[in-house]
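Before any comments, here is the structure.
In the numbering used here, the protein residues as written are 10 to 207.
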């Protein structure tokens with residue numbers, strides 16, 4: 010079966026998407042490349058948007074998105090088909106974002122611990138304030154402001170406002186209550202408005 014036969018358009022109903030995902034997962038587990046292709050085609054943009062919003066850097070977001078799909082495909086046998094595949098995949102991507110942030114923090118710490126002649130070769134990949142200020146595109150400013158939010162506020166905002174997940178589903182992904190999701194989104198929006206205006 011061709012990948013195009015497994016993947017649906019973005020306008021499909023939630024039940025249709027769930028059915029298409031279930032067929033693609035079954036095909037992928039059976040070893041059919043078309044199953045993997047269909048899952049990647051259906052969900053890569055959503056994962057990339059969420060990861061880019063989390064990291065604030067497109068190049069890093071591409072790497073982390075790829076890592077997320079590799080991890081998901083390696084763990085596909087443990088996927089619970091009673092759950093939304095996209096929610097399961099976004100949870101993996103969130104974990105990859107957190108891993109990336111921890112590794113970056115360790116790299117920065119080690120760069121300071123190295124002798125100066127060795128530390129000079131360690132690149133700090135985070136965009137500097139000058140680069141953010143130099144950007145004149147409103148979208149870039151908003152992406153930077155979202156990336157600057159604390160994870161606890163950023164993650165529910167990305168899942169609900171950017172990816173359009175219901176608050177109940179975001180709560181399940183994040184392991185918090187629905188009311189906490191609602192509160193954190195409210196706080197994220199207030200903080201975001203201050204960051205963008207500032």
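Glycine included, every Cβ here is placed at the ideal spot set by N, Cα and C.
Residues near residue i by beta carbon distance below 8 Å, same chain, minus five either side
{"i": "residue 144", "result": "Its pLDDT being 41, under 50, residue 144 is placed unreliably by the model, and the measurement read from it follows with that caveat. Same-chain partners within the cutoff: 150 and 153."}
{"i": "residue 27", "result": "93 and 94"}
{"i": "residue 140", "result": "Its pLDDT being 42, under 50, residue 140 is placed unreliably by the model, and nothing is read from it."}
CB-CB length for residue i against residue j, believed under 8 Å
{"i": "residue 193", "j": "residue 176", "result": "Not really, about 10 Å apart at Cβ, beyond 8 Å."}
{"i": "residue 73", "j": "residue 64", "result": "6 Å"}
{"i": "residue 59", "j": "residue 190", "result": "No, residue 59 and residue 190 are not in contact; Cβ-Cβ is about 15 Å, not under 8 Å."}
{"i": "residue 162", "j": "residue 197", "result": "4 Å"}
{"i": "residue 182", "j": "residue 168", "result": "6 Å"}
From the options, residue whose alpha carbon lies closest to that of residue i
{"i": "residue 164", "options": "73, 70, 104 and 72", "result": "104"}
{"i": "residue 70", "options": "78, 61, 77 and 76", "result": "61"}
{"i": "residue 195", "options": "35, 166, 174 and 173", "result": "166"}
{"i": "residue 90", "options": "183, 35 and 184", "result": "35"}
{"i": "residue 49", "options": "75, 67 and 40", "result": "75"}
{"i": "residue 54", "options": "43, 42 and 78", "result": "78"}
{"i": "residue 66", "options": "31, 113, 30 and 42", "result": "113"}
Boundaries (first-last residue) of the alpha helix (DSSP H) holding residue i
{"i": "residue 46", "result": "42-64"}
{"i": "residue 73", "result": "67-83"}
{"i": "residue 162", "result": "160-166"}
{"i": "residue 181", "result": "176-183"}
Beta-carbon proximity list for residue i, same chain, < 7 Å, skipping 5 on both sides
{"i": "residue 80", "result": "101 and 105"}
{"i": "residue 201", "result": "154, 155 and 158"}
{"i": "residue 45", "result": "37 and 82"}
Residues near residue i in its chain [Cβ-Cβ closer than 6 Å; skip 5 each side]
{"i": "residue 52", "result": "95 and 98"}
{"i": "residue 174", "result": "168"}
{"i": "residue 185", "result": "none"}
(request) Take every Cβ of the segment 83-91, pair it with every Cβ of the segment 147-164, and state whether three or more of those distances are shorter than 8 Å. (result) no
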